[in-house]
Amino acid sequence: MARIKSTPRQIATPSAPTSATAVPYKPNTLFPENVITSSALLAFPIVTVILSSLLPSDPVKILGYSLPAVALIQAVNILFTNPAPEPVAKSSGNKKKKQAKNTVSTTILGLVLSMLLTPFIHLIYVLFGAPVTVSIPATFLLSAHTALLALFPILCTYPLDGVTWTNLVALKAPVTPAYTAALGTIAGAWLGAVPIPLDWDREWQIWPVTVVFGAYVGNALGRLVGAVFSGKEKML
Amino acid sequence: MIPHALIIAFLLPLESLGLLFFARGFFPYKPVFHGYAPIESDTPPAVSDKVIFMVVDALRSDFVFSNESSMRFTQSLISSGNALPFTARAAPPTVTLPRIKGVTTGSVSNFLDAVLNIAESDSSSSLVGQDSWLIEFKRRHVPGKLVMFGDDTWLKLFPGIFDRYDGTSSFFVSDFTEVDNNVTRHLDTELKTSDWDVMILHYLGVDHIGHKGGPYSPFMPDKLKEMDQIVEMLYEYAEKAQETEGKSTLLVLCGDHGMNEIGNHGGSSAGETAAALLFASPLFSKLGSGLRAPLNATDNYEYYNVIEQVDIVPSISGLVGNPFPMNNIGVFVPELLRFWSRSDQIKLLRQNAEQMYRILKETFTSMDMPVSDAQGLLAGNDIDKIRGLWDQIGQPYFDETDDPVETLYAFLRLSQNVLSRTSSNYDISSMVIGLCLVFWLSSLAFRRALFSTSADFVTKAVFAVGTTIYAISIFGSSLVEEEHYFWYWSASAWLMTQFILSARVKSTTAGLILISLLGVLSILRHYHHTGQKYAGSYDIAQFLSSDIAAGLLWVLILLEHLLIFKNLHFYVFADVSPLIAFVCSFTPVISLFSFKMSMALEAGEKVPPVLAAITPTSTGADQLLNRAKTSFLSIVICMVFHTLSTVWSTKRDQFKFVRGAFHIAVLFLVVQTSSVNIPIFLLYEAIRSLSWRLAADSRVTTPLAVVLSTLIWQRVSFFAAGNSNSLATVDLSNAYNGVSGYSVIPVGILAFVSNFAGPIFFTLSGTLQLSIWKTSSKSTRSVEDIFIVDFLSLIHAFHAVSLLAVMGACMVLRSHLFIWTVFSPKLLYTVGWFLLQQGAVDTIIGLFIVVVSDLL
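Chains as they are written, first to last, in the working numbering: chain P, 265 to 500; chain G, 752 to 1607.
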């Protein structure tokens, strides 16, 4: 949808990516960029506050119920802020409608793919020390949230090829809010595990409350960093 | 290289000196009164003439009182009113020697006693010249006759006081029956002779079973039944003595401490501090307690009234009409007061109060002056309250006031509380000297590690940040208790960092290796759930030691043996003819296996019958001793053969000797490991071979990366093997392998190796990894250079900084509630890490390996 009105700018800027590895971040023109960014930046702190206040009572229920809402917020965010990944081969002959459809279908595809990858993220959480035999639903829902926060935007922003993803892992990809938000999510989830063993005996110390909280805060911070530094060619 | 070596040679001894200064100030011998309590002229009449003091080591409260206990007779004594039950809270460190001190002198234990408990030959712990309820018997007009049978700790504490005795050593943990039969066999004659005033019995079987199989070991019910029968026998004696001799006998049954969910003790968890206590005598029926037994099992191990363990001391003294020992901070048990008239009750408690007031006065120099140091501040408000109560007690018509007994108890309880908190005086100046010295040296070491080692920015950054976070984490008591989480957490972070680095150089192999390492790590972290919060929750070790998994456990143990066999065959006996090579590598492995098998059988572990059948089994301590000796001998022979064959070999292979020696060393480490932990070595071997493969990719691995991995795997393996920062997890079950009597050095070495097997493994593996890296990277630096400049500098800097942090934490938090339960054990463990692991293993053995590999 956003793509329709942005066509004049689209033509003016060279559509072929400067770097062969990833599509550079392009500003959105439907709304002034800062409005979009700030609304996206605001959405997650709000979700964080709501989630973290509700979570300790029944993590599994809250994580489950909030999952569709988070998916929706993420999808809207992506539709409004992310350019569709353009296949390098046929970058010139695209029509407007097809492009719009392309963005929507990419978003849906990204959503489906990130949901399908949830078991894989669950496995990663276990490798990093999540409980194996107990709290399986909680860990699984945590993985689903992580997939929405970290994977979903990336899948919609970067093409699915080995080189790109190697660069993403190697911290060599160009800075985009999607990428920094994903890195923030990972770092936040990792740091979120710190308070669990402490003997404070608080209800929020149960698995996976602090990790969810860390992931959301990390995501918001990452997004902020990405918004400020986007356009920089490389991460490190 | 040379300056680096010299600097470490300069830093290490000086840091140890600093540590010594600090420890001298931090672990002082507690100030105690020497001399004895004044004989009171006007004591209430004695209730009992004789005392049988029966200690059952590690008798936790639920072992006697819960409905799951098999001590039926003892429970019937409670319900018939002939016995008064209590849960006696034992003060940590919950190990035998300090606890015996507690229940005889009534004083708070000195933390250093926990160490002396292990250093058995030490005589400085003797209680000669200190007052105790035992000595009070000897100080009577007609000195009492004392007899003792059981744990020889009593003989060490009270040399020359017993008229007849038979001590048993408590360190052959695998013996469940002999230790107790040694005590019981004296009972027949002693009960017949009946000329003693005090008989002390100390049974060790329950503790041994706990160490080997935990509180729910299949051996436990029978052992408790045996103890129950002994209680029955003693009680019957007491009844008979009452009728025939007219002498009343007090039977005290108590545990010196409890045990935690895996059967260990030393720390301060609920199970470890909850000891059972029972006063029994035919006289008690007239008190009419109206208690019921057994009770339903509870999670907090609190049954009946909970009292302090030291309360035993004034209670026994009061019942037999002796003065209260000088250093006693125990409070006379209220339930026992009912033997006396009201005026006698007040008289008794007043004596207790006066005696405790003497200690208060001495501890807080003057009770009239506000106290200025930190401990005084801590107790400040309470001191005012105590003074108020004391003034009240001193009033002329106090006895006629409303409730003098209540007031006296308020005074006694508060004084006890304050005195047990302020039990030690630190020598602050000595601590400060040590701290300053270590601060200066460790900052020197840290700076050198960061600026003088080879350039590798990422690793140095990770090292600096990691060390700093670790140092800060030590100031949090729960982070010390749960230190393993820090290491699992940073191990995964470090693997992740390496994964990112491998992606940067596009090395798929390295990436796959790192993911596999992450997999191994996640198995390791669930092997033992250690620490405090989740200790005892279901883990792999518990699964493997359960009956259903015995087959799997022994398959894994066999696999480890096969691996050792393969490695010996391939790396040690590669040059000899196939048949000889087979025999030579098979012999040490089979002797190791038969040793581990008979140890398991001896400990009552479940062993698959097929395997038990093929091992020549004849149980007994001698057999075990011989098998251990055979294992050690075969290791020595392997080593000698390997050395000679390398020296005489015509082929020049730089790493042949060290690699072979490494595999022989692994054999030794496995000998020192309990059967449930042997499968961990398969994981260690997996980590080793993956890391060695990683070292072959010099784009991903740098010497500093090897050092960092070594440091992390050392700690991870330490905690994964079930260790923690609590003294409860010190495993002594392999400390006596092949040693027939107690002698400090061999037992100390064996104990260290069995607890630090993982860290030693990774030191050796890391050192070899450096040489592999050197070969693969074609670096021009010599291995010695890499080892000294990078490896030693970084490892030394880490240990120096962590030593500084622990000392700092002990200094800053010296009036913290957990100083004796969390920070002091941590300091002891840090001493072990710093001096033995870093000083002896990393530095000396590591250097030896590197130098030898270069010479050959």
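Cβ coordinates follow ideal geometry from the N, Cα and C atoms, glycine included.
What number of angstroms, rounded off, separates the C-alpha of residue i from the C-alpha of residue j?
i, j, result
"Ser1092/G", "Lys1037/G", "14 angstroms"
"Val893/G", "Ile1144/G", "34 angstroms"
"Asn1377/G", "His953/G", "29 angstroms"
"Ile1546/G", "Gln1589/G", "7 angstroms"
"Arg1255/G", "Leu424/P", "18 angstroms"
"Arg705/G", "Leu1046/G", "Beyond the ends of chain G as shown, which are 752 and 1607, falls residue 705/G; an answer cannot be given."
"Trp884/G", "Phe1083/G", "13 angstroms"
"Phe1408/G", "Pro844/G", "45 angstroms"
"Thr1401/G", "Ile1388/G", "21 angstroms"
"Leu1192/G", "Thr1219/G", "16 angstroms"
"Met971/G", "Ala1301/G", "20 angstroms"
"Asn1318/G", "His1414/G", "6 angstroms"
"Phe1075/G", "Ser860/G", "18 angstroms"
"Leu1001/G", "Glu1157/G", "26 angstroms"
"Cys420/P", "Asp1605/G", "56 angstroms"
"Asn818/G", "Ala1048/G", "6 angstroms"
"Val1231/G", "Leu1579/G", "13 angstroms"
"Ala1332/G", "Leu1384/G", "18 angstroms"
"Asp1404/G", "Val1327/G", "16 angstroms"
"Thr1190/G", "Leu1555/G", "A small correction: the amino acid at residue 1190/G is Phe; Thr does not occupy that position in the sequence shown. Taking the straight line from one Cα to the other gives about 6 angstroms."
"His409/P", "His386/P", "11 angstroms"
"Phe909/G", "Asp903/G", "10 angstroms"
"Met1118/G", "Arg1138/G", "For Met1118/G, the predicted model reports a pLDDT of 49, less than 50, meaning its position is unreliable; a value from the coordinates is still stated below. Roughly 7 angstroms separates the two Cα atoms."
"Phe1346/G", "Leu1375/G", "7 angstroms"
Between residue i and the rest of its own chain, which residues show a CB-CB distance below 6 angstroms, the 5 nearest in sequence each way excluded?
i, result
"Lys1380/G", "Gly1489"
"Gly486/P", "Thr444, Ala445, Leu447, Gly448"
"Leu1587/G", "Phe1503"
"Ala841/G", "Arg850, His1008, Thr1024, Ala1026, Gln1060"
"Val1427/G", "Ala1292, Leu1295, Ser1296"
"Gln826/G", "Ala1044, Pro1045"
"Ser1516/G", "Arg1439"
"Phe1469/G", "Gly1509, Pro1510"
"Gly965/G", "Ile1013, Gly1014"
"Pro417/P", "Ile342, Ala442"
Excluding the 5 residues flanking residue i on each side, which residues of the same chain have their C-beta closer than 7 angstroms to its C-beta?
i, result
"Gly328/P", "Leu405"
"His937/G", "Phe900, Asp917"
"Arg1077/G", "Strictly speaking, residue 1077/G in this sequence is Met, with Arg absent from that position. These residues qualify, in order along the chain: Phe784, Gly786, Tyr787, Ala788, Asp882."
"Val1608/G", "A query on residue 1608/G cannot be resolved here, the shown segment of chain G reaching from 752 to 1607 and no further."
"Phe1623/G", "Since the displayed chain G opens at 752 and closes at 1607, residue 1623/G lies outside it and no answer follows."
"Val1358/G", "Ala1301, Trp1305, Met1348, Ala1351, Leu1352"
Mind reading off the beta-carbon distance from residue i to residue j? Whole number of angstroms is fine, and I expect it under 8 angstroms.
i, j, result
"Leu1304/G", "Leu1295/G", "4 angstroms"
"Trp947/G", "Leu985/G", "About 13 angstroms; that fails the 8 angstroms criterion."
"Asn1015/G", "Ala1479/G", "4 angstroms"
"Asp1541/G", "Val1458/G", "6 angstroms"
"Asn1073/G", "Gln1106/G", "Rounded, the Cβ-Cβ distance is 12 angstroms, inconsistent with contact."
"Leu1070/G", "Val798/G", "5 angstroms"
"Gly1559/G", "Pro969/G", "Wrong, their Cβ atoms sit about 47 angstroms apart, outside the cutoff."
Here's a check: name, in chain order, each residue in its chain whose Cβ is nearer than 8 angstroms to the Cβ of residue i, leaving out the five neighbours to either side.
i, result
"Ser1267/G", "Ala1437, Leu1441"
"Val934/G", "Phe900, Gly901, Asp917, Thr919, Leu952, His953, Tyr954"
"Phe493/P", "Val439, Thr444"
"Leu462/P", "Gln469"
Any idea which residues DSSP pairs residue i with across the strands?
i, result
"Thr919/G", "Asp902/G"
"Ala1025/G", "Arg840/G"
"Thr1000/G", "Lys801/G"
"His953/G", "Val806/G, Gly901/G"
"Leu1046/G", "Ser817/G"
Verify the CB distance criterion: does residue i have a CB-CB separation below 8 angstroms to chain A?
i, result
"Glu1023/G", "In the structure shown, chain A does not exist; the protein chains are P and G."
Worksheet item: At what residue ranges does the segment 1050-1076 of chain G contain a whole run of the beta strand (DSSP E), taking only runs of 3 or more?
Response: If we require 3 residues or more, the beta strand (DSSP E) runs fully inside the segment 1050-1076 of chain G come out as 1056-1059.
Worksheet item: Which whole runs of the alpha helix (DSSP H) in the segment 431-492 of chain P are 4 residues long or more, in chain order?
Response: If we require 4 residues or more, the alpha helix (DSSP H) runs fully inside the segment 431-492 of chain P come out as 441-456.
Fill in: Unbroken stretches of the alpha helix (DSSP H), 4 residues or longer, contained in the segment 1224-1276 of chain G
Correct list: 1228-1232, 1234-1255, 1259-1275.
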